[in-house]
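Trainee: Pasting a structure below so you can have a look.
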Amino acid sequence: MPFTYEICGALPVVGSFRRNHAQQFAQSLAASATVYCVTDAVTHSVMIRLRGALTDQEVASIEGKLKEFSRKWARTAAVFSRIRFGEQSLMPLTPGRQVEQLQDPAKEYVRHHASTPPHSDTQNTQVLGAPLG
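Heads up: the sequence shown begins at -10 in our numbering, then just goes up one per residue.
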């Protein structure tokens, strides 16, 4: 069955984070979701990729648990990429209450990249100063 939802990203975690914390998180999610978690002890991060043919309720539950997981274990903020029915968006995750500060920049990023065709020169061009003379 094709998937209707996917979210993935890497989350920097605190030094006390262990692989079993990622396993516990994965086991707490909907059974219809395929979860891939990889921990890296050198960079103190966990990479999470989750996908499946999920209902709206399952997606809401998963995103709530992911936010709770990041509040507990994140060392710094991260922005995860997600796709729901082919529509791409970003989901900011932070330790504690910092997520409100990331909501507007994430929405602005999606707005900018959705309105600019891929490989467009305007996407990579910045005006650094006014013309001389």
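C-beta atoms are modelled at their ideal positions from N, C-alpha and C, and glycine is treated no differently.
Can you check DSSP and say which residues form a bridge with residue 71?
Mentor: BP columns for residue 71 point to -4, 78.
Trainee: In the DSSP output, what is residue 24 paired with across the bridge?
Mentor: Looking at the DSSP assignment, residue 24 forms a beta bridge with 39.
Trainee: Going by DSSP in three states, residue 66 sits in which element: helix, strand or coil?
Mentor: Three-state result, residue 66: coil.
Trainee: Does DSSP put residue 31 in a helix, in a strand, or in coil?
Mentor: Residue state, collapsed to three classes: coil.
Trainee: For the stretch 20 to 27 against the stretch 75 to 86, do three or more pairs of beta-carbon atoms, one drawn from each stretch, fall closer than 8 Å, so that the two count as touching?
Mentor: Taking 8 Å as the limit for Cβ pairs, the verdict is that the stretch 75 to 86 does not touch the stretch 20 to 27.
Trainee: Run the CB neighbour count on residue 5, radius 10 Å, all protein chains shown included, and call it buried at 16 or more, exposed below.
Mentor: Label assigned to residue 5: exposed.
Trainee: Grab me the residues of residue 88's own chain with a C-beta within less than 6 Å of its C-beta, minus the 5 sequence neighbours each way, in chain order.
Mentor: Summary for residue 88: the model assigns pLDDT 48, below 50, so the residue's position carries little reliability; its value from the coordinates is reported in the next sentence. 81, listed in sequence order.
Trainee: For residue 34, which of -1, 42, -5 has the nearest alpha-carbon?
Mentor: Of the listed residues, the one whose Cα sits closest to residue 34 is -1.
Trainee: Are the C-beta atoms of residue -1 and some chain B residue less than 7 Å apart?
Mentor: Here chain B cannot be found, since the structure has a single protein chain.
Trainee: Give me the residue from 55, 47, 29, 67 with the minimum Cα distance to residue -6.
Mentor: Residue -6 has its Cα closest to that of 47, out of 55, 47, 29, 67.
Trainee: Any idea if residue 59 is buried or exposed, counting beta-carbon neighbours within 10 angstroms, 16 or more meaning buried?
Mentor: The residue is buried, with at least 16 neighbouring Cβ atoms inside 10 Å.
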